[in-house]
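> Quick one: structure below, then a few questions.
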Amino acid sequence: MRDALRALGLAVRREGEVKARRTWMWVAQQARTHLAGRGSRVTKHVRSMAHRAVSAATSMFPANRRAALSASPLHARWARLRTAGANGVRVIRLGWRLTLWSLVLLLAGGAAAALAMWVTMRDLPLADILPPLPEPTIAVQLANGETLSSRGAYRAPYVALAEMPPHLGEAVVAIEDRRFLEHTGVDLRAAARALVRNTQAGGIVQGGSTISQQLVKILYLKPERTFARKFQEAVLAAMLERQLGKERILELYLNAIYLGAGAHGMPAAAHTYFDKDVGELNLPEAALLAASIQLPSQVNPLSNLDAARERATLVLRLMAEQGRIDRATLDQARKGPAGIDPKPLPSRAGSYFADWVLKELETLKGQSGGGLSATASLNPKLQASAERIVREVMAEHGAAAGATQAALVVMTPDGRVRAMVGGLDYKTSQFNRAADAKRQPGSTFKLFVYMAALAMGAQPDTRISDGAIAIGDWTPENFDRRSHGTVTLRQAFAHSYNLATVRLAQEVGIGKVIEAARLFGIEAELLPTPALALGTAEVSLLDMTEAFAGLLRGRVPVRATGIETLRLSEGSDALSITAVNEREQVSLSRAHAPMLALLRAVVEEGTGRAAAIEGVDILGKTGTSQDSRDAWFIGLARGRGLVVGVWVGNDDNSPMDRVTGGSLPAEIFRRTVLAALEGARAPQAAEVQRTTPERGRACTVQHTRLLGGFTSAEWVVILLSDFVAG
Numbered sequence: 001m002r003d004a005l006r007a008l009g010l011a012v013r014r015e016g017e018v019k020a021r022r023t024w025m026w027v028a029q030q031a032r033t034h035l036a037g038r039g040s041r042v043t044k045h046v047r048s049m050a051h052r053a054v055s056a057a058t059s060m061f062p063a064n065r066r067a068a069l070s071a072s073p074l075h076a077r078w079a080r081l082r083t084a085g086a087n088g089v090r091v092i093r094l095g096w097r098l099t100l101w102s103l104v105l106l107l108a109g110g111a112a113a114a115l116a117m118w119v120t121m122r123d124l125p126l127a128d129i130l131p132p133l134p135e136p137t138i139a140v141q142l143a144n145g146e147t148l149s150s151r152g153a154y155r156a157p158y159v160a161l162a163e164m165p166p167h168l169g170e171a172v173v174a175i176e177d178r179r180f181l182e183h184t185g186v187d188l189r190a191a192a193r194a195l196v197r198n199t200q201a202g203g204i205v206q207g208g209s210t211i212s213q214q215l216v217k218i219l220y221l222k223p224e225r226t227f228a229r230k231f232q233e234a235v236l237a238a239m240l241e242r243q244l245g246k247e248r249i250l251e252l253y254l255n256a257i258y259l260g261a262g263a264h265g266m267p268a269a270a271h272t273y274f275d276k277d278v279g280e281l282n283l284p285e286a287a288l289l290a291a292s293i294q295l296p297s298q299v300n301p302l303s304n305l306d307a308a309r310e311r312a313t314l315v316l317r318l319m320a321e322q323g324r325i326d327r328a329t330l331d332q333a334r335k336g337p338a339g340i341d342p343k344p345l346p347s348r349a350g351s352y353f354a355d356w357v358l359k360e361l362e363t364l365k366g367q368s369g370g371g372l373s374a375t376a377s378l379n380p381k382l383q384a385s386a387e388r389i390v391r392e393v394m395a396e397h398g399a400a401a402g403a404t405q406a407a408l409v410v411m412t413p414d415g416r417v418r419a420m421v422g423g424l425d426y427k428t429s430q431f432n433r434a435a436d437a438k439r440q441p442g443s444t445f446k447l448f449v450y451m452a453a454l455a456m457g458a459q460p461d462t463r464i465s466d467g468a469i470a471i472g473d474w475t476p477e478n479f480d481r482r483s484h485g486t487v488t489l490r491q492a493f494a495h496s497y498n499l500a501t502v503r504l505a506q507e508v509g510i511g512k513v514i515e516a517a518r519l520f521g522i523e524a525e526l527l528p529t530p531a532l533a534l535g536t537a538e539v540s541l542l543d544m545t546e547a548f549a550g551l552l553r554g555r556v557p558v559r560a561t562g563i564e565t566l567r568l569s570e571g572s573d574a575l576s577i578t579a580v581n582e583r584e585q586v587s588l589s590r591a592h593a594p595m596l597a598l599l600r601a602v603v604e605e606g607t608g609r610a611a612a613i614e615g616v617d618i619l620g621k622t623g624t625s626q627d628s629r630d631a632w633f634i635g636l637a638r639g640r641g642l643v644v645g646v647w648v649g650n651d652d653n654s655p656m657d658r659v660t661g662g663s664l665p666a667e668i669f670r671r672t673v674l675a676a677l678e679g680a681r682a683p684q685a686a687e688v689q690r691t692t693p694e695r696g697r698a699c700t701v702q703h704t705r706l707l708g709g710f711t712s713a714e715w716v717v718i719l720l721s722d723f724v725a726g
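Just so it is clear: in the sequence shown, position 69 is 69 by UniProt numbering, and no numbers are missing.
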């Protein structure tokens with residue numbers, strides 16, 4: 001339709017009325033095609049209005065009025081424009097008659113389109129089909145129902161207009177639609193005023209859309225700036241006014257309008273900017289929120305407080321001019337915006353964990369086509385304790401040791417993450433060093449060397465030389481720069497002797513070491529070089545903690561998950577999914593017990609003695625990379641169902657001062673386990689059930705990898721197949 005009207009206007013300007021009449025027949029045909037199936041009545045209206053518009057344009061300026069027109073001041077201005085221009089460039093001459101023909105026909109076409117929409121949509125029950133405000137795209141909740149985090153639009157629960165302070169609605173109406181109670185959906189005065197202001201300013205400085213039109217944009221229309229869109233908006237706004245009424249429209253608008261910082265609706269904005277319910281907003285705060293509507297991302301109390309304060313003062317002045325507040329209230333309220341200093345809510349415990357889970361859910365959301373809600377495996381009390389412990393240990397010893405960062409993961413043997421610390425301060429750095437940082441694991445990687453040897457028949461008391469060894473140009477050394485002669489595997493592992501470990505890796509074959517790492521779920525690049533035995537590959541703390549969790553479980557691989565239950569959409573059943581499926585795991589039956597004995601020796605007599613806890617069976621392994629750039633301790637609290645991984649280092653990979661896995665990391669591990677044992681509960685079974693109310697029975701759901709292991713496409717197939725099978 002727009003193309004048809006544009007062609008009609010060109011025809012009128014270039015060839016006059018005869019050509020326009022012929023062109024209009026094409027317009028009518030386009031209208032028939034556009035409105036096919038909507039009844040002949042609509043097409044007749046379109047054609048009738050168009051013919052009347054052409055007739056009006058023909059008779060608008062008869063010959064005896066042309067002389068008077070040419071003598072008018074306005075015509076003189078156009079004459080000057082026609083001859084103006086630098087370097088003799090001539091501005092194209094526009095005939096007044098043809099120009100006005102085009103304007104009239106354009107208005108006629110728009111009116112016809114509006115009439116067509118009115119005829120086809122006038123009986124729609126809009127009060128019944130208004131879409132509900134959507135839930136967050138992705139939400140992660142704790143077991144008690146409290147929302148840990150969400151991604152996507154944040155919308156607080158819907159609040160009725162009667163529960164909002166009256167001055168909030170008055171402030172919004174004052175700045176956005178002063179004649180809200182007078183118009184019927186479209187304010188022609190405001191539109192004309194905005195046109196003049198924007199023309200004078202040479203850009204968009206004032207909007208002409210009413211609150212009803214803005215609500216239509218939010219609920220129904222795509223963000224387009226077209227002529228047809230404006231007519232759709234106007235018609236739907238009038239229909240909303242007729243069927244819903246002013247109060248309902250204002251209520252919907254206040255609950256839906258975007259106000260920056262991810263907050264949709266006044267209730268959400270009140271929490272985002274002021275940490276209070278919308279009913280508690282005072283007048284200056286209400287003015288600040290109303291001031292954010294026009295440019296929510298650029299002018300809001302967090303992104304640009306000065307600009308928001310300035311515009312809030314304008315809101316208050318307009319309220320006074322329009323009689324919504326008296327002079328005394330204005331004078332008192334003007335002091336408000338200058339004194340308000342909104343701050344973002346402090347980062348809560350579990351922010352790194354929430355980001356990690358949300359990232360995993362983001363992929364699945366794209367495949368599911370709807371919102372997702374997940375119940376987190378996080379233990380809030382343990383999470384808060386873990387964050388506090390990491391900060392305390394680093395504050396006590398970090399500066400002297402030249403260490404500036406630390407990370408921690410606590411999980412159960414089946415991979416459910418109970419706590420995750422990705423750094424010392426989430427507010428200053430959101431990079432998750434527990435899940436995303438790839439660092440050299442040092443001697444914690446020796447786990448795979450000794451597992452390969454034990455799987456081939458070696459035993460903890462098997463003897464091996466810790467003497468000097470040279471492989472090509474590479475001559476490794478022990479941490480103490482000494483050799484220790486012939487030692488047992490238990491001694492070599494407990495004291496983390498490098499020479500014995502490199503020799504053992506050469507005997508079993510570096511390929512077998514890589515196979516063992518892959519068996520435990522390590523997917524990082526592993527180059528088949530002799531130095532790999534000492535942990536030169538780069539892996540994440542989460543990867544290595546998963547591997548040690550497999551030792552406690554006795555089956556590998558274990559995949560970490562932060563999810564207890566998953567809901568694909570609002571109203572659907574909560575799907576509980578296990579982190580592992582024993583049918584797809586490999587048992588460590590032959591090498592399991594000997595490996596646990598080696599890990600116990602580390603804590604009882606070796607490099608991990610600082611991690612020991614009286615009365616608790618602690619097993620673990622220390623790790624220190626070249627020049628103390630990374631320090632690790634990953635340990636197991638056997639019988640307590642806990643696996644804890646700790647890393648300490650610097651983001652710039654600079655060396656620390658004599659920090660080893662048996663120092664700061666072991667201390668963080670010990671304190672974290674003690675905190676966990678204070679509120680310990682019996683380990684949860686690996687198999688979880690999902691109850692289907694409609695069928696009144698429970699069906700078991702088992703999968704090997706959760707989120708981190710499956711692709712999003714695999715996830716959809718798994719969930720659908722389970723639903724059908726269940």
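Ideal placement from N, C-alpha and C gives every residue a C-beta, glycine not left out.
Which stretch, first to last residue, makes up the alpha helix (DSSP H) that contains I563?
In the sequence shown, counting from the first residue as 1, residue 563 sits at position 563. Counting along the chain, I563 falls outside any alpha helix (DSSP H), though it belongs to the beta strand (DSSP E) covering 563 to 567.
> Considering only DSSP beta bridges, list what Y258 is partnered with.
In the sequence shown, residue 258 corresponds to position 258, counting from 1. Partner(s): H264.
> So for Q243, helix, strand or coil by DSSP?
The residue labelled residue 243 in the question sits at position 243 within the sequence shown. In this structure, Q243 counts as helix in the three-state DSSP scheme.
> How is residue 741 classed by DSSP in three states: helix, strand or coil?
The structure shown does not extend to residue 741, since the chain spans only 1 to 726, so no value can be given for it.
> Tell me, please, whether the stretch 164 to 177 touches the stretch 284 to 304 by the rule of three or more beta-carbon pairs shorter than 8 Å.
They touch, by the three-pair rule.
> From what residue to what residue does the alpha helix (DSSP H) around L642 run?
Walking along the sequence shown from the start, residue 642 turns up at place 642. Looking at the DSSP string, L642 is not in any alpha helix (DSSP H); the run it does join, the beta strand (DSSP E), is 642 to 649.
> Is A238 close to chain B, meaning its C-beta is less than 8 Å from at least one C-beta of that chain?
In summary, chain B is missing from the structure at hand, where a single protein chain is found.
> Report the option in I218, D543, V299, E321 whose CA atom is closest to the CA atom of R439.
Translated into the one-based positions of the sequence shown, residue 439 becomes position 439. Per the Cα distances, D543.
> Just the C-alpha distance for K381 and G169, rounded to the nearest angstrom, thanks.
In the sequence shown, the residue the question calls residue 381 occupies position 381. In the sequence shown, the residue the question calls residue 169 occupies position 169. Roughly 41 Å between the two C-alpha positions.
> Using 8 Å as the threshold, is the stretch 451 to 471 in touch with the stretch 487 to 501, meaning 3 or more CB pairs across them?
Flag = yes, the stretch 451 to 471 and the stretch 487 to 501 touch.
> Take the Cβ of R189 as the centre, count every other Cβ of all protein chains shown within 10 Å, and call the residue buried at 16 or more, exposed below.
The count along the sequence shown starts at 1 and reaches residue 189 at position 189. Flag for R189 reads exposed.
> In the DSSP assignment, the beta strand (DSSP E) including M420 goes from what residue to what residue?
On the sequence shown, residue 420 is found 420 positions in, with the first residue counted as 1. Residues 417 to 421.
> Sorted by chain position, which residues of the same chain lie with C-beta nearer than 8 Å to I249's C-beta, five sequence neighbours on each side aside?
Walking along the sequence shown from the start, residue 249 turns up at place 249. Counting only Cβ-Cβ distances below 8 Å, and skipping sequence neighbours, we find I211, S212, L215, L240, E241.
> Going by DSSP, what residue range makes up the beta strand (DSSP E) through V487?
Within the sequence shown, the letter at position 487 stands for residue 487. Where V487 is concerned, the enclosing beta strand (DSSP E) stretches over 486 to 488.
> Figure out for me which residue from T660, R638, L636, P594 has the closest Cα to the Cα of Y450.
Stepping through the sequence shown from its first residue, residue 450 is reached at position 450. For the residues T660, R638, L636, P594, the minimum Cα distance to Y450 belongs to P594.
> Going straight from the alpha carbon of L254 to that of L295, what length do you get?
Numbered from its first residue, the sequence shown carries residue 254 at position 254. Numbered from its first residue, the sequence shown carries residue 295 at position 295. Distance between the alpha carbons of L254 and L295: 16 Å.
> Can you give the Cα-Cα distance for E667 and A611, rounded to whole angstroms?
The residue given as residue 667 occupies position 667 in the sequence shown. The residue given as residue 611 occupies position 611 in the sequence shown. Rounded to whole angstroms, E667 to A611 spans 6 Å at the Cα level.
> Shortest alpha-carbon distance to A458 belongs to which of V410, V508, D651, E604?
Here residue 458 refers to the residue found at position 458 when the sequence shown is read from its first residue. That would be V508, whose Cα lies nearest to the Cα of A458.
> State the Cα-Cα distance for the pair S663 and V159, rounded to the nearest angstrom.
Counting from 1 along the sequence shown, the entry for residue 663 is found at position 663. Counting from 1 along the sequence shown, the entry for residue 159 is found at position 159. Their Cα atoms are separated by approximately 54 Å.
> Could you give the DSSP three-state label for I293: helix, strand or coil?
Stepping through the sequence shown from its first residue, residue 293 is reached at position 293. Coil at I293, not helix or strand.
> Could you compute how far the alpha carbon of V616 sits from the alpha carbon of G661?
For the purposes of this step, residue 616 is identified with residue 616 of the sequence shown, where counting begins at 1. For the purposes of this step, residue 661 is identified with residue 661 of the sequence shown, where counting begins at 1. Straight-line Cα distance between these residues: approximately 20 Å.
> To the nearest angstrom, how far is it from the Cα of V315 to the Cα of Q232?
Within the sequence shown, numbered from 1, the residue matching residue 315 stands at position 315. Within the sequence shown, numbered from 1, the residue matching residue 232 stands at position 232. Distance between the alpha carbons of V315 and Q232 is about 29 Å.
> Any idea what DSSP makes of L281, helix, strand or coil?
Here residue 281 corresponds to residue number 281 of the sequence shown, with the count starting at 1. Reduced to three states, the DSSP call for L281 is coil.
> Is M456 helix, strand or coil when you go by DSSP?
Residue 456 sits at position 456 when you count from the first residue of the sequence shown. Three-state DSSP puts M456 in coil, outside helix and strand.
> Rounded to whole angstroms, what is the Cα-Cα separation between E654 and K446?
Translated into the one-based positions of the sequence shown, residue 654 becomes position 654. Translated into the one-based positions of the sequence shown, residue 446 becomes position 446. Inspection of the sequence shows that residue 654 is occupied by Ser rather than by Glu. Roughly 23 Å separates the two Cα atoms.
> Name the DSSP bridge partner or partners of F633?
As a position in the sequence shown, residue 633 is number 633, starting the count at 1. DSSP output for F633 lists T622, V646 as bridge partner(s).
> Report buried or exposed for P157, applying the criterion of at least 16 other Cβ atoms within 10 angstroms of its Cβ.
Against the sequence shown, residue 157 aligns to sequence position 157. When all chains shown are included, P157 counts as exposed.
> Taking all protein chains shown into account, do 16 or more other C-beta atoms lie within 10 angstroms of the C-beta of Q332, making it buried, or fewer, making it exposed?
One-based indexing of the sequence shown puts residue 332 at position 332. Burial call: exposed.
> Going by the beta-carbon positions, is the gap between V636 and L599 smaller than 8 Å?
Start at 1 with the first residue of the sequence shown, and residue 636 comes out as number 636. Start at 1 with the first residue of the sequence shown, and residue 599 comes out as number 599. The identity of residue 636 in the sequence shown is Leu, whereas the question assumes Val. Yes, the Cβ-Cβ distance between L636 and L599 is below 8 Å.
> Looking at P460 and V539, is the spacing between their C-beta atoms short of 8 Å?
On the sequence shown, residue 539 is found 539 positions in, with the first residue counted as 1. On the sequence shown, residue 460 is found 460 positions in, with the first residue counted as 1. No, the Cβ-Cβ distance between V539 and P460 is not below 8 Å.
> Shortest alpha-carbon distance to G567 belongs to which of A452, R555, L161, S373?
The residue you call residue 567 lines up with position 567 of the sequence shown. A small fix is needed here, since residue 567 is Arg in this sequence, not Gly. Of A452, R555, L161, S373, the residue nearest in Cα terms is S373.
> Between which residues of its own chain and A453 is the CB-CB distance below 8 Å, once the five residues before and five after are set aside?
Reading the sequence shown from its first residue, position 453 is the one you call residue 453. Excluding positions up to five away in sequence, the list reads T462, L489, L504, E507, V508.
> What number of angstroms, rounded off, separates the C-alpha of T501 from the C-alpha of R555?
Counting from 1 along the sequence shown, the entry for residue 501 is found at position 501. Counting from 1 along the sequence shown, the entry for residue 555 is found at position 555. Going from the Cα of T501 to the Cα of R555 covers about 24 Å.
> Hey, how far is the Cα of R416 from the Cα of S377?
By 1-based counting over the sequence shown, the position of residue 416 is 416. By 1-based counting over the sequence shown, the position of residue 377 is 377. So the two alpha carbons sit approximately 6 Å from each other.
> Can you give the Cα-Cα distance for E614 and L142, rounded to whole angstroms?
Walking along the sequence shown from the start, residue 614 turns up at place 614. Walking along the sequence shown from the start, residue 142 turns up at place 142. Using only the alpha carbons, I get a separation of about 32 Å.
> Would you decide whether V644 is buried or exposed? Buried here means 16 or more other CB atoms lie within 10 Å of its CB.
If you number the sequence shown from 1, residue 644 lands on position 644. It counts as buried.
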